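**Student:** This structure is in structure tokens; I'll ask about it shortly.
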Amino acid sequence: MVIADGVLTPTQSVLGTVQGAQVMNPSLSKGAIVGIADAILVLLFLGWPFGISKIIVLFAPIVIVWLGFNAVFDIDNLVKYGATTFKAFNPGYAFEFLIHYGEHG
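Residue 105 is where the sequence shown ends in the UniProt record's numbering, and the numbering goes up by one at each step.
See below:
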């Protein structure tokens, strides 16, 4: 069971990430998404025999760039939509929505 989890978790993570590209390019087919995810995983696992220390050197810069993009887009949304975006964290709105829409909520 642990082996299955070790195989499925990275696969689902990469697949979910690549599916996010479909938001930017809706014409991207499911086959292309699966192909891109497969290519990323194959490249990742081909580098595995060289040692994790050599592969991990790439991850820190990628994560820093990722967090930087997240910060830029978050600040942009705060400027564009104002502080009302913080209302999304208030669970009261979720309860109000469920009470108002019932089963459909």
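Where is the CB? At the ideal position from N, CA and C, for every residue including glycine.
What you are looking at is a predicted structure, and each value in this text was computed from that prediction instead of being measured.
Mind checking residue 106: buried by the 16 CB within 10 Å criterion, or exposed?
**Tutor:** Not covered by the structure: residue 106. The range shown for the chain is 1 to 105.
**Student:** Out of curiosity, what's the CA-to-CA distance linking residue 31 and residue 15?
**Tutor:** In the sequence shown, residue 31 corresponds to position 31, counting from 1. In the sequence shown, residue 15 corresponds to position 15, counting from 1. Near 12 Å, if we compare the C-alpha coordinates of residue 15 and residue 31.
**Student:** Where residue 66 and residue 56 are concerned, what is the direct C-alpha to C-alpha distance, given to the nearest angstrom?
**Tutor:** By one-based count along the sequence shown, residue 66 stands at place 66. By one-based count along the sequence shown, residue 56 stands at place 56. Rounded to the nearest angstrom, the two C-alpha atoms are 15 Å apart.
**Student:** Is the beta carbon of residue 11 sitting closer than 8 Å to the one on residue 41?
**Tutor:** Locating residue 11 in the sequence shown gives position 11, counting from the first residue. Locating residue 41 in the sequence shown gives position 41, counting from the first residue. It is a contact, given that the beta carbons lie within the stated cut-off.
**Student:** Looking at the secondary structure, which residues open and close the alpha helix (DSSP H) in which residue 96 lies?
**Tutor:** Start at 1 with the first residue of the sequence shown, and residue 96 comes out as number 96. Residue 96 -> alpha helix (DSSP H) spans 91 to 101.
**Student:** Apply the 10 Å Cβ neighbour rule to residue 60 and answer buried if 16 or more other Cβ atoms are within range, or exposed otherwise.
**Tutor:** The residue given as residue 60 occupies position 60 in the sequence shown. It is exposed - the Cβ of residue 60 has fewer than 16 other Cβ atoms within 10 Å.
**Student:** For residue 91 and residue 45, what's the separation of their Cα atoms in angstroms?
**Tutor:** Here residue 91 refers to the residue found at position 91 when the sequence shown is read from its first residue. Here residue 45 refers to the residue found at position 45 when the sequence shown is read from its first residue. Taking the straight line from one Cα to the other gives about 41 Å.
**Student:** Specify the secondary structure class of residue 53 as computed by DSSP and reduced to three states.
**Tutor:** Numbered from 1 along the sequence shown, position 53 holds the residue referred to as residue 53. It is helical.
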